[in-house]
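Numbering (the numbering used here), first residue to last: 7 to 278.
Beta carbons are placed, not taken as given, at the ideal position from N, Cα and C, and that holds for glycine.
What follows is the structure in structure tokens.
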């Protein structure tokens, strides 16, 4: 994909032990769990053909031949699993996702096709060219435990936040109220090419062209706002924190239909 945002390649330390790398138009996270060598995990796996960039960033953060304990997926859309096959083959580590995401990660099912009819900008219009096929992680993929804990991430919980995909999850560390939101909401108008390229910060719902269940998406945002996070790292856009985050999330909850839901589209009109 030729699109690249102004922040691509940047590594930002947003919270204690939490680092965000922008890969073209999407963010991946590196989470250090302790000071022990190799005690870290990768959250999401970026764009296709980005494995080398992710591995280089890992070595910059954690040292030569850095290898995570696991890869955690918020969901399986192409821009969040683009490098996953290459990374798993190189690192030989387990991958975890929600059980409802498994059909898309084991080759059983494809995601619904993107909806170019939603308004918002050129990226939405381009979305039919985006891959929507599932991938097959075979025996590498495992479901999250039902108790809400995140494997290899002590102090973190996973929260089911469907809407963008059936098995979408967000991750939360209650000790300092850090949220890795995935695409449950984002901080850039992802449908707009200008906003994607400039990374102009703006609270937004999940990317419209790939969101299929708007009632669930609304409930998921309400669930995350109730956590009152102090820092939010989203799948797209610059991380948001403190009062700006709280005020923006409250506005998104209160005005979700106006801010997030497109006026029309096959998944809004029940045609999908």
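When 99, 211, 123 are compared against residue 158, the one with the closest alpha-carbon: On the chain shown, residue 158 is found 152 positions in, with the first residue counted as 1. Checking every option, the nearest Cα to that of residue 158 belongs to 99.
Identity of the residue in 180, 59, 269, 249 nearest residue 220 by Cα: Position 214 of the chain shown holds residue 220. Here the closest residue by C-alpha is 269.
Distance between residue 91 and residue 27 (C-alpha atoms, nearest Å): Position 21 of the chain shown, counting from 1, holds the residue named residue 27. Position 85 of the chain shown, counting from 1, holds the residue named residue 91. Approximately 19 Å, taken between the alpha carbons.
Cβ pair residue 237, residue 258 closer than 9 Å: Locating residue 237 in the chain shown gives position 231, where the first residue counts as 1. Locating residue 258 in the chain shown gives position 252, where the first residue counts as 1. Not in contact: residue 237 and residue 258 (Cβ atoms no closer than 9 Å).
Cβ-based neighbour list, residue 141, same chain, cut-off 8 Å, excluding 5 preceding and 5 following: For the purposes of this step, residue 141 is taken as residue 135 along the chain shown, with counting starting at 1. These residues qualify, in order along the chain: 82, 87, 90, 91, 110, 111, 113.
Sufficient close CB pairs (3 or more, under 8 Å) joining the stretch 194 to 207 to the stretch 126 to 145: yes
Own chain partners of residue 251 with C-beta closer than 6 Å, once the 5 adjacent residues on each side are dropped: On the chain shown, residue 251 is found 245 positions in, with the first residue counted as 1. Only 238 meet the Cβ criterion.
Best match in 74, 78, 248, 263 for proximity to residue 155 [C-alpha to C-alpha]: By 1-based counting over the chain shown, the position of residue 155 is 149. It is 78 whose Cα lies nearest to the Cα of residue 155.
From 69, 29, 65, 74, residue whose alpha carbon lies closest to that of residue 37: Taking the chain shown and counting its residues from 1, the one referred to as residue 37 is at position 31. Per the Cα distances, 74.
CA-to-CA distance, residue 108 to residue 76, given in whole angstroms: Position 70 of the chain shown holds residue 76. Position 102 of the chain shown holds residue 108. The straight-line gap from Cα to Cα measures roughly 17 Å.
C-beta atoms of residue 190 and residue 169 nearer than 9 Å: As a first step, residue 190 is located in the chain shown; it is residue number 184 there, counting from the start. As a first step, residue 169 is located in the chain shown; it is residue number 163 there, counting from the start. The Cβ-Cβ distance between residue 190 and residue 169 falls below 9 Å.
Minimum C-alpha distance to residue 176 - residue among 241, 122, 263, 136: Locating residue 176 in the chain shown gives position 170, where the first residue counts as 1. Residue 241 is the option with its Cα nearest to residue 176.
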